[in-house]
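Visitor: Can you keep this structure in mind? I'll have questions shortly.
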Amino acid sequence: MTKPLLQVRDLEVTFGHGKNAVSAVAGVSFDIYEGETLGVVGESGCGKSTTGKALMRIVEPTKGTVINGDQNITELSGRALRRARTQMQMIFQDPISSLNPRRRIKDIVAEPLDCWGTAKGEERDALVSDLLSKVGIDPAVYGNRYARQFSGGQCQRISIARSLAMRPKLLICDEMVSALDVSVQAQILNLLDDLKREYGLTLLFIAHDLGVVKNVSDRVAVMYLGKICEIGPSDALYAAPAHPYTKFLLGAALEADVDSDAHSEVLEGEPPSPLNPPSGCRFRTRCPMAQAKCAEEEPALQDVGTGHQVACHFPLTIGRK
Amino acid sequence: MSENVLVVENLATTFHTKGGPVPAVGGVSFSLGPNETLGIVGESGSGKTVLSRTIMGLQPRTNVEVTGSVLLNGHQMVGVSEDEKRKHWATEVAMVFQDPMTSLNPVMRVGKQIDEVLRVRLGMPKDAAKARAIELLRLVGIPSPEERYSAYPGQLSGGMRQRVVIAIALACSPSLLMADEPTTGLDVTIQAQILNLIEQIKNDLNMSVILVTHDLGVVATRTTRLIVMYAGRIVEIGTTRDVFKDHRMPYTRALLESSPRVSNASHTRLQAIPGRPPNLLKLDQGCAFAPRCAFATQKCHEERPELEETGTPGHLFACWNPLTTKIGA
C-alpha cells in the first residue's frame, strides 16, 4: 500500500442547469492504494453511485480529475477512453438486468475479449472456461446456457467473471450484493475476497449496508449530500467515529444480535434536497451539535488520526482521550 | 397472556401452477398473544410473505388452495367469503406492505386515503374523518400534518410515505398490525425511525405486531418471539433470545453466521451456506434443508422432522440432529 492506484481530486457532477442544477457529487477527493479496498457508505441520494460512475465516465464529471495508474481518465476520449476502461471495471447492483437474458453466458464473458481481440479460438475458449470456473460456475455444464436461466447469485458470479476478463486492476462494485439473500451474499463476498487476492485487485466498494462494508473494506469513506464527511481506516472509523453523522449512521445500523443496543439516539428528519443544500456544513440541519459557525463556514477535511480525516468543525474525537 | 389475538393452525397455501402444485406455505401453526411482537424471518421464497397474506386472507382468487385455520380474535378467516373477511380488515387486522409507493394511490391526496378508511369502515362524517386523519398523520410523526393532508404520495419521501401507510393501517385501531418488510428499501436512519414508531404505537395502542423481514437485525431487538421459516415451513420458533442464543436448528445458525456484522473485524471470512434454497416444485420427503446442511444424515433425506418442543417451553424446532452447543460456547 505505497502508491495510490487511483487519485480522485475535486470531483464534481452536476445534473441540470441554472435553477434546476443538482450537484450530486460536490467536490470529492480521495486516493485508493494498490491492493486495498475502499468502502463508500451513505444513504440514498448521497452521491455514492454517481461517484462510482463518474470515475468510469459513465456519467461525465463536471469538474475534477481522475487519475488511474498513470492515465488521466478525465482527459481521454474515444478509443483511448475505452482502452482505459478495460483497466477499471464495474459491477452493478441488479445482477439480472446487468446481463443480456438472451445470450449464452460463455459469450457474455467472452465479449470483452472479442471486442479487443485479446484472445481468439481455443485460447479464448480456455480463458472463458477458466474465468467461469474461478467464479464457481462449471463451464462444461453451464457455459452454453442463457443468462435468463440463472438465479441472482449466479448472475452476479457471471458479472464478476466478465469484469475480470480484461484483467483490470480496479474493480468498482456498486451495491453488488444488496439484491441478494444473506446466505448468497456471504458466498459472493467470500468469492470477491478470494479473487481480489488471486488477481491482485484494488476495490472501490459502494454499499449502503454498514455491516457488509465493514467486512470487506480496509478504509471507509462516509458520504452525505455529495460530499465526503469522514474517511479513515475502517476499524478506527467504526470504533470511534469523528463525524456526528457517522455516529448516527452507525447507531442506526441494526446488528443481528439480541444484546445489541437498538435504541440508541435516532437521527431526526430526512436529508435536505440537493437542489438547495444548506449553507456551511451540509449536515448542520440535522446535527444536534450544530452551532453558528457550522452555518457560516464549510468545514474542510482535517486529520484526526493516522489516515483518518473528518469534515467537521467540532469532531467527536477531540477531547476523547 | 389472556386470549390470543391470532391462532394459526396447520395453515397451508398451495399454488397450482403449470409446473405442478407449489406448497408455498406447508402446514404452519402458531399463536400470538395481545401486545406481543412476533418476528417472521426467512430468505426469499421461504414463504414468509405468502404466510402473512394468507393470514390476512389476501390470496389470488384462482389456482390457489388454502387449508387449515386462522382464528383472528376468534373469527375464522379461512374458507369464508370475501365479505366476511372484509368485516375484520382495518378494524381488527391491518397490513403495512413493503413498497410504500405502490401501496398508495398516486393520484389521490394522502389525507383522502386515510379518510376513506374512516368513512367507509367507521361511517365517520366527512369533517370528523378529516380531523381524525390529521390527528393520525401527527401520531405517525409527519411534520405539519394539516399541509401534508393534501399532498400527493409523489410529493413525499419514501420514509414519509411509509408513515402514511402506517397511519392508514392504524385508522381503525386494529388489534393486530401485520408489517411485511416495512423498512426494506428505506435508508438505515429512516428505518430506525419507522421501527421505533411501530414499537411506540404498539405500546400506546396496545396492539400485537407481526414483523415479517429477511433482516435479522430488524427482529433482533424489537420482537419478543421469532419464527424462522425455510421452504414454506417453520423450522424453529421460540423467544427471540432463545432463537438467537440457543437455537437448535442448523439453518438458524447458518443464517445468523452468514450475516456480515458491524462488529466484525475487516476481512472477516463469512460462513456462507453452500447451495441455494430448494425448488418448491421438487421438494422430496426429507428435511428441505438437508441438501445444504453440514449435519445431515440419511434420515434427514428420507423423513421430514416435525416441530418438537424439547427442554425450554415454547421453543420448538424441526431437526433430527439438533445443535447442542450454544453460539459462542
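First to last, the sequence lines map onto chains L and U. Residues are numbered in the working numbering as their position in the first sequence, beginning at 1, plus a constant of 64. Residues are numbered in the working numbering as their position in the second sequence, beginning at 1, plus a constant of 2. Note that CB positions come from ideal geometry on N, CA and C, so glycine has one too. Please read all numbers here as calculations on a predicted model, not as lab measurements.
Use the C-beta contact count for L:A364: other C-beta atoms within 10 angstroms, 16 or more gives buried, fewer gives exposed.
Guide: When all chains shown are included, L:A364 counts as exposed.
Visitor: Return the chain-ordered list of same chain residues with a C-beta closer than 8 Å to the C-beta of L:K311, the five sequence neighbours on each side being excluded.
Guide: Around L:K311: P305, L380.
Visitor: Quick one: what does DSSP say L:T370 is sitting in, helix, strand or coil?
Guide: Three-state DSSP puts L:T370 in coil, outside helix and strand.
Visitor: Can you tell me the Cα-Cα spacing of L:R350 and L:C358, whole angstroms?
Guide: Cα to Cα, the separation comes out at about 12 Å.
Visitor: Could you check if U:T191 is buried or exposed, using at least 16 other CB atoms within 10 Å of its CB as the buried criterion?
Guide: The residue in question, U:T191, is buried, as its Cβ has 16 or more Cβ neighbours within 10 Å.
Visitor: Nearest chain L C-beta to U:P279 closer than 9 Å, yes or no?
Guide: So yes, U:P279 belongs to the interface.
Visitor: Can you confirm whether L:D245, when its beta carbon is compared against all beta carbons of chain U, has any partner nearer than 9 Å?
Guide: Cβ-Cβ to chain U under 9 Å: yes for L:D245.
Visitor: Which chain U residues sit within Cβ distance under 7 Å of L:Q251?
Guide: Chain U residues near L:Q251: A274.
Visitor: As a quick exercise: from U:S210, U:V166, U:A133, pick the residue whose alpha carbon is nearest that of U:R227.
Guide: Comparing Cα positions, the closest option is U:S210.
Visitor: How is L:Q151 classed by DSSP in three states: helix, strand or coil?
Guide: Note: L:Q151 maps to coil in three-state DSSP.
Visitor: Cβ of L:G275 within 9 Å of Cβ of U:P262?
Guide: Their beta carbons are under 9 Å apart, which means L:G275 touches U:P262 by this criterion.
Visitor: Just tell me which of L:A317, L:Q366, L:T182, L:E332 has its CA closest to the CA of L:I292.
Guide: Considering only alpha carbons, the answer is L:Q366.
Visitor: For chain L, is any of its Cβ atoms less than 9 Å away from the one on U:P262?
Guide: Yes, U:P262 lies at the interface with chain L (some Cβ there is under 9 Å from its Cβ).
Visitor: Residues of chain L with CB closer than 8 Å to the CB of U:V190, please, in chain order.
Guide: Within 8 Å Cβ-Cβ: E107, H272, L274, L313, A316, A317, L318.
Visitor: Just by C-beta distance, which residues in the segment 157 to 183 of chain U are closer than 9 Å to chain L?
Guide: Flagged, chain order: S159, G160, G161, M162.
Visitor: Starting from L:D171 and walking both ways along the alpha helix (DSSP H), at which residues does that stretch end?
Guide: Looking at the DSSP string, the run of the alpha helix (DSSP H) that includes L:D171 is 169 to 180.
Visitor: Quick check: is the beta carbon of L:E76 nearer than 9 Å to any beta carbon in chain U?
Guide: No, because no Cβ of chain U sits closer than 9 Å to the Cβ of L:E76.
Visitor: Would you mind telling me which residues of chain U sit closer than 9 Å to L:V322, beta carbon to beta carbon, in chain order?
Guide: Residues of chain U passing the Cβ test: A222, T223, T242, R243, V245, F246, K247.
Visitor: Indicate whether at least one CB of chain U lies closer than 9 Å to the CB of L:K278.
Guide: Taking Cβ atoms only, chain U reaches closer than 9 Å to L:K278, which makes this a yes.
Visitor: Does the structure place the segment 221 to 237 of chain U close enough to the segment 27 to 47 of chain U that three or more beta carbon pairs sit under 8 Å?
Guide: Judged by Cβ distances under 8 Å, the segment 27 to 47 of chain U makes contact with the segment 221 to 237 of chain U, as three or more pairs qualify.
Visitor: Quick one: grab the DSSP three-state call for L:K233.
Guide: Residue state, collapsed to three classes: coil.
Visitor: Can you pull the chain U neighbours of L:E334, defined as C-beta to C-beta under 8 Å?
Guide: Under the 8 Å cutoff, chain U gives S159, G161, M162, I192.
Visitor: List the residues of chain U whose Cβ lies closer than 7 Å to the Cβ of L:L331, in chain order.
Guide: Ordered by position in chain U, the residues that pass the 7 Å Cβ test against L:L331 are T191.
Visitor: Looking only at DSSP bridge pairs, what is L:K287 linked to?
Guide: In the sequence under discussion, the amino acid at residue 287 of chain L is Met, which differs from the Lys named in the question. Looking at the DSSP assignment, L:M287 forms a beta bridge with L:I292.
Visitor: Could you compute how far the alpha carbon of U:R121 sits from the alpha carbon of U:I144?
Guide: One C-alpha to the other measures close to 22 Å.
Visitor: Grab me the residues of L:R149's own chain with a C-beta within less than 7 Å of its C-beta, minus the 5 sequence neighbours each way, in chain order.
Guide: Correct list, in chain order: M120.
Visitor: Is the beta carbon of L:E294 less than 9 Å from the beta carbon of L:C376?
Guide: A contact, by the Cβ cut-off of 9 Å.
Visitor: Mind listing which residues of the segment 286 to 314 of chain L have their C-beta closer than 8 Å to chain U's C-betas, in chain order?
Guide: Within the segment 286 to 314 of chain L, the residues whose Cβ lies closer than 8 Å to some Cβ of chain U are S298, D299, Y302, F312, L313, L314, listed in chain order.
Visitor: Is the Cβ-Cβ distance between U:R150 and U:L139 less than 9 Å?
Guide: Result yes, Cβ atoms of U:R150 and U:L139 sit closer than 9 Å.
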